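This report refers to the structure that appears directly beneath it.
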Amino acid sequence: MKEYSFTEVLPDAMQERFFYIRHFTSMDDAELEWPHRHLFFSFVWFTHGSGIYVIDSDEFEIKPQRLFYVAPKQVHNWGLYNNNQGYFIAIDYRAATDINLRYTFPFLDIDNADADFHARLFANILTEFQKNDALS
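Next comes the structure, spelled out in structure tokens:
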């Protein structure tokens with residue numbers, strides 16, 4: 596089974612960073628082998644869409660406002676059904692351990708009442724990330 600490092604999944608220009616974020620309308624990464632594992636932490640927040648996310652052989656429903664967490668070395672795969680949208684965040688293992696990132700939940704459901712706040716937060720993180728300056 597393929598195991599990806601942080602730098603293997605990032606665009607070349609982003610490999611100096613300790614984290615990566617992108618918005619997606621489809622997570623169809625044809626260049627990645629599925630299922631796979633990686634050596635970094637990742638979060639996937641589905642704002643729209645449906646499907647099944649498999650993490651270490653456990654199946655979870657993909658639905659709007661569900662945030663998935665995948666730790667290093669966890670085997671994962673998904674089947675996406677329709678109009679999936681949201682955000683993908685990857686955090687380098689060393690940086691994540693520096694901030695004591697040790698959550699063990701497979702997913703977190705975000706209340707609809709809080710969804711707008713989280714959408715603005717993720718959009719602002721993405722905007723700052725794309726600036727690619729010393730403060731972002």
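Quick note on the numbering used here: the sequence shown kicks off at 596 and runs consecutively. Just so it is clear, CB atoms sit at the ideal spot from N, CA and C, and this is done for glycine as well. Just so it is clear, the structure is predicted and the values come from calculations on it, not from any experiment.
Tell me whether the beta-carbon of residue i lies closer than 8 Å to the beta-carbon of residue j.
i: Phe-638; j: Ile-684; result: yes
i: Ile-686; j: Phe-613; result: yes
i: Gly-646; j: Trp-673; result: yes
i: Glu-628; j: Lys-597; result: yes
Have a look at residue i and residue j and give me their C-alpha separation to the nearest angstrom.
i: Tyr-648; j: Leu-675; result: 8 Å
i: Tyr-682; j: Phe-717; result: 8 Å
i: His-671; j: Ala-690; result: 22 Å
i: Ser-731; j: Leu-605; result: Legend: pLDDT at Ser-731 = 49, less than 50; position of this residue unreliable, value from coordinates given subsequently. Ser-731 and Leu-605: Cα-Cα distance of roughly 17 Å.
i: Glu-603; j: Ser-652; result: 24 Å
i: Ala-721; j: Asn-727; result: Here residue 721 turns out to be Leu, not Ala, going by the sequence shown. Near 10 Å, if we compare the C-alpha coordinates of Asn-727 and Leu-721.
i: Glu-626; j: Pro-667; result: 20 Å
i: Asn-719; j: Arg-617; result: 11 Å
i: Phe-601; j: Phe-712; result: 28 Å
Within its chain, find whatever has a CB closer than 7 Å to the CB of residue i; leave out the 5 residues flanking it on each side and keep chain order.
i: Ile-650; result: Val-665, Gln-669, His-671, Pro-701
Quick check on this structure: which residue in the options has the alpha carbon closest to the alpha carbon of residue i?
i: Leu-662; options: Arg-632, Asn-707, Glu-603, Glu-628; result: Asn-707
i: Ala-714; options: Asn-727, Lys-597, Gln-660, Leu-627; result: Gln-660
i: Tyr-615; options: Phe-635, Glu-598, Pro-630, Trp-629; result: Phe-635
i: Leu-703; options: Glu-656, Arg-617, His-633, Tyr-599; result: Glu-656
i: His-631; options: Tyr-599, Phe-712, Asn-677; result: Tyr-599
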